[in-house]
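**Student:**
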Amino acid sequence: MSKTTKNGNLHKAKSAKNDEFYTRLADIERECRHYREFFRGKTVYCNCDDARESNFFRYFSLNFEFLGLKKLICTGYKKDGRGVCLVYEGDKNGNRKVDDDEIAVTELEGDGDFRSEECVKLLDEADVVVTNPPFSLFREYIAQLVEHGKKFLVIGNQNAVTYKEIFPLIKDNKVWWGTDCVRWFVMPDNTDKTTKLSDRGENIAEGARSRWYTNIPHKKRNIPLDLFKKYNPVDYPKYDNYDAIEVSETVDIPMDYDGVMGVPITFLDKYCPEQFEIVGEFNHGKDGPFDFCTPSVDGKVIFKRIAIRRKRPEHA
Numbered sequence: 100m101s102k103t104t105k106n107g108n109l110h111k112a113k114s115a116k117n118d119e120f121y122t123r124l125a126d127i128e129r130e131c132r133h134y135r136e137f138f139r140g141k142t143v144y145c146n147c148d149d150a151r152e153s154n155f156f157r158y159f160s161l162n163f164e165f166l167g168l169k170k171l172i173c174t175g176y177k178k179d180g181r182g183v184c185l186v187y188e189g190d191k192n193g194n195r196k197v198d199d200d201e202i203a204v205t206e207l208e209g210d211g212d213f214r215s216e217e218c219v220k221l222l223d224e225a226d227v228v229v230t231n232p233p234f235s236l237f238r239e240y241i242a243q244l245v246e247h248g249k250k251f252l253v254i255g256n257q258n259a260v261t262y263k264e265i266f267p268l269i270k271d272n273k274v275w276w277g278t279d280c281v282r283w284f285v286m287p288d289n290t291d292k293t294t295k296l297s298d299r300g301e302n303i304a305e306g307a308r309s310r311w312y313t314n315i316p317h318k319k320r321n322i323p324l325d326l327f328k329k330y331n332p333v334d335y336p337k338y339d340n341y342d343a344i345e346v347s348e349t350v351d352i353p354m355d356y357d358g359v360m361g362v363p364i365t366f367l368d369k370y371c372p373e374q375f376e377i378v379g380e381f382n383h384g385k386d387g388p389f390d391f392c393t394p395s396v397d398g399k400v401i402f403k404r405i406a407i408r409r410k411r412p413e414h415a
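And the structure:
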């Protein structure tokens, strides 16, 4: 796919508030394997899914016994109609298959919007939420999960890190990235031809700037970043408008600098809270005391940065 069309469908969807993009089963499997022990004994709720097409429901129902789940609930939004709720509580007849008569299907009173009273009631019943929520409602969606004290593993745009509603959660280690990115989404059949077919015949489009967001611990989060570079003022210029150095690549973080550093958003993929602390961001200087300024070096504005500081051993 050419550079000019990369992510084209996802950008169009954002402007049109079209959130009809489905997650591939392979991506769900790759991420969820890091949380297998956590899922044991849990009620999982997929509250933004087309119940009949959802790969989230497929993954958790097929792996229900392997993960040791208690219950699986799935609801989805239906425009101008009534949503459907699917409940699965495991293999009842011992054939090791997910049979239709083992799935309880009920029609909702409303359209299945995750904000509706009946969906919120199901949310309160669940232990953990796993889904791909509407990107256009990501702020509101995360706020609801936090308000209800839920564990979650959900997909969002990479740049959602800098949203004023999301960044404080990242900064305070209440939300972090999962272990992997999500590069491809399954598209509706009526999508334009800038997509391609997968090896399973799925109509897919690239979404290279999508990440898993979670508040469930995983091992990758505890691995310190190996540092090799040493600080010097030539390779690490200071910002024009803030006392911090610019580090354009995560791999170039100096091992011997104790002040504030501006690093790319993708630093979060390597972030170890025992090694660094997030002190703020360089976004546009308008989101509150943690948004320091629009970053610029020698008069040139650069892309958004996360402000970090290396922890000293006694504070780690």
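100 is the number of the first residue of the sequence shown in the numbering used here; add one for each residue after it. C-beta: ideal position from N, C-alpha, C; glycine also.
If we count the other Cβ atoms within 10 Å of its Cβ and call it buried at 16 or more, is D357 buried or exposed?
**Tutor:** Exposed, since its Cβ has fewer than 16 Cβ neighbours within 10 Å.
**Student:** Contact defined as beta carbons within less than 8 Å: I believe V359 pairs with R404. What is the distance between those atoms, to the nearest angstrom?
**Tutor:** The Cβ separation is near 10 Å, so there is no contact.
**Student:** So if DSSP puts D390 in a beta bridge, which residue, or which two residues, is it bridged to?
**Tutor:** Paired residues: E380.
**Student:** Could you tell me the distance, in whole angstroms, from the CA atom of T205 to the CA atom of A225?
**Tutor:** C-alpha separation (whole angstroms): 17 Å.
**Student:** Looking only at DSSP bridge pairs, what is S395 linked to?
**Tutor:** Note: S395 sits in a beta bridge opposite V400.
**Student:** Per DSSP, F375 is paired with what?
**Tutor:** DSSP lists R409 as partners of F375.
**Student:** Helix, strand or coil for I269 per DSSP?
**Tutor:** Correct three-state label for I269: helix.
**Student:** When the Cα atoms are used, what is the spatial distance from K177 to T349?
**Tutor:** In a straight line, the C-alpha of K177 is about 42 Å away from that of T349.
**Student:** Considering only the alpha carbon of each residue, which of G189, V183, F402 lies closest to Y158?
**Tutor:** For Y158, the nearest C-alpha among the options comes from G189.
**Student:** Here's a check: name, in chain order, each residue in its chain whose Cβ is nearer than 6 Å to the Cβ of Y341, leaving out the five neighbours to either side.
**Tutor:** F391, C392, listed in sequence order.
**Student:** Should the segment 161-177 be called in touch with the segment 209-218, which here means at least 3 C-beta pairs below 8 Å?
**Tutor:** In short, these stretches touch, since the Cβ pair count reaches three.
**Student:** Give every residue of the same chain whose Cβ lies closer than 8 Å to the Cβ of V143, excluding the five residues on either side of it in the sequence, and list them in chain order.
**Tutor:** Hits under 8 Å: F159, L168, K170, L171, I172, A225, D226, V227, V228, V229.
**Student:** Is it right to say F284 is buried, meaning 16 or more other beta carbons lie within 10 angstroms of its own, or is it exposed?
**Tutor:** Burial call: buried.
**Student:** Going straight from the alpha carbon of Y187 to that of D198, what length do you get?
**Tutor:** If I take the Cα positions, the gap works out to 10 Å.
**Student:** Exposed or buried, what is K292 when buried is set at 16 or more other beta-carbons lying within 10 Å of its beta-carbon?
**Tutor:** Here the model assigns K292 a pLDDT of 47, short of 50, so the residue's position is not dependable, and the following value carries that caveat. By the neighbour-count rule (16 or more Cβ atoms within 10 Å), K292 is not buried but exposed.
**Student:** With H, G and I counted as helix, E and B as strand and the rest as coil, what does DSSP make of L236?
**Tutor:** The answer is helix: DSSP assigns L236 an H, G or I state.
**Student:** For the putative contact between M354 and F375, defined by C-beta atoms under 8 Å, what is the C-beta separation to the nearest angstrom?
**Tutor:** With 8 Å as the limit, M354 and F375 do not qualify as a contact, their Cβ atoms being about 12 Å apart.
**Student:** Hey, is the segment 120-133 in contact with the segment 307-319, meaning 3+ C-beta pairs nearer than 8 Å?
**Tutor:** Flag = yes, the segment 120-133 and the segment 307-319 touch.
**Student:** So, for A415: in the same chain, excluding its five sequence neighbours on each side, which residues have a beta-carbon less than 8 Å away from its beta-carbon?
**Tutor:** Because the pLDDT at A415 is just 46, under 50, the model does not fix this residue reliably, and the point stays unresolved.
**Student:** What whole-angstrom Cβ distance do F266 and F389 have, given they're in contact under 8 Å?
**Tutor:** Their Cβ separation, rounded to whole angstroms, is 7 Å, which keeps F266 and F389 in contact under 8 Å.
**Student:** Please identify the residue among G209, N154, E136, D271 whose C-alpha is closest to the C-alpha of N231.
**Tutor:** Closest by alpha carbon: N154.
**Student:** Apart from the five residues just before and just after A343, which ones in its own chain have a Cβ nearer than 7 Å to its Cβ?
**Tutor:** Correct list, in chain order: K337, G358, V359, M360, G361, A406.
**Student:** From A203 to S395, what does the alpha carbon distance come to, in whole angstroms?
**Tutor:** Roughly 56 Å separates the two Cα atoms.
**Student:** Identify every run of the beta strand (DSSP E) within the segment 136-224, keeping only runs that are complete inside it and at least 3 residues long; order them along the chain.
**Tutor:** Taking only runs of at least 3 residues, the beta strand (DSSP E) segments lying wholly in the segment 136-224 are 142-145, 170-174, 183-187, 202-206.
**Student:** Name the two residues that bound the continuous beta strand (DSSP E) containing I254.
**Tutor:** Here the beta strand (DSSP E) through I254 covers 250-256.
**Student:** Taking all protein chains shown into account, decide if R135 is buried (16 or more other Cβ within 10 angstroms of its Cβ) or exposed.
**Tutor:** Per the 10 Å Cβ criterion, exposed.
**Student:** Using the Cβ count rule (16 or more neighbours within 10 Å means buried), how would you classify K141?
**Tutor:** Burial call: buried.
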